[in-house]
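Reviewing the structure listed below.
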Amino acid sequence: MSYRTLLCGVALCAFPIAIALSSEPARQPAIPNMTVPPKAGPVAFFPESALRPGMKGVAWTVFQGSTVEPVPVEIIGVWQNMWGPHQDVILAKLAGKALRTNVAGGMSGSPVYIDGKLAGAIALRLSTFSPDAVCGITPIQLMLEIKD
10 MSYRTLLCGV
20 ALCAFPIAIA
30 LSSEPARQPA
40 IPNMTVPPKA
50 GPVAFFPESA
60 LRPGMKGVAW
70 TVFQGSTVEP
80 VPVEIIGVWQ
90 NMWGPHQDVI
100 LAKLAGKALR
110 TNVAGGMSGS
120 PVYIDGKLAG
130 AIALRLSTFS
140 PDAVCGITPI
150 QLMLEIKD
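Under the numbering used here, the sequence shown has 95 at position 86, and the numbering climbs by one with no breaks.
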């Protein structure tokens, strides 16, 4: 093998790597209908029965200090009767910073909105050995039933 052939081979391998390293980092997915944290006061509820896989929403949580930040949410589905009869859990994938932190213990209670309506709150981490940040969300209807 000649020096010229070796040099061409190295250049062909290095070129795609250089392109990948110099490209712009992936952008955060857009968060539909929620660009600022919700204000205190009455809020509309998103019914569990209207949830469909692939729906997108946003959770609001604090990663550090006291700054509330949006976390993109994608609905996976609903786990019927997970805790018992009529006690469902919404399954969802988190994105954004949650991909680095996964679902942290301090996220419990973080509200989740779909189309600007409250769907529930993050309740548990389901992705212990997965690279995806999968969480369980307690539906708002279940929380309201417990309150009554």
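A virtual CB, placed ideally from N, CA and C, is assigned to each residue, including glycine.
Treat the numbers as computed from the prediction; the structure is a model and nothing was measured.
Interface flag, residue i vs chain C, CB-CB below 9 Å
i, result
"phenylalanine 72", "Absent from the structure: chain C. Only one protein chain is present."
Reduced DSSP category for residue i - H, G, I as helix; E, B as strand; rest coil
i, result
"alanine 59", "helix"
Residue i: first and last residue of the uninterrupted beta strand (DSSP E) it sits in
i, result
"glutamine 89", "77 to 93"
"aspartate 97", "96 to 103"
"leucine 127", "126 to 134"
"threonine 70", "65 to 71"
"threonine 147", "142 to 148"
"valine 52", "Element bounds for valine 52: n/a, residue is neither H nor E."
"valine 45", "Per DSSP, valine 45 belongs to no beta strand (DSSP E) and is neither H nor E."
Residue i burial status per 10 Å Cβ neighbour count (16 or more: buried)
i, result
"glycine 74", "exposed"
"proline 148", "buried"
"phenylalanine 54", "exposed"
"glycine 145", "buried"
"valine 60", "Note on identity: in this sequence residue 60 is leucine, with valine being the wrong assignment. Classification of leucine 60: buried, given that the 10 Å Cβ count is 16 or more."
"serine 119", "buried"
"proline 79", "buried"
"leucine 66", "The residue asked about is misnamed: residue 66 is glycine in this sequence, not leucine. The residue is buried, with at least 16 neighbouring Cβ atoms inside 10 Å."
"glycine 129", "buried"
"alanine 49", "exposed"
Assumed close pair residue i, residue j - CB separation to whole angstroms, cut-off 8 Å
i, j, result
"proline 81", "glycine 105", "5 Å"
"valine 77", "proline 46", "5 Å"
"leucine 103", "alanine 142", "4 Å"
"valine 52", "leucine 135", "Incorrect: roughly 26 Å between the Cβ atoms, too far for contact."
"aspartate 97", "leucine 133", "Rounded, the Cβ-Cβ distance is 13 Å, inconsistent with contact."
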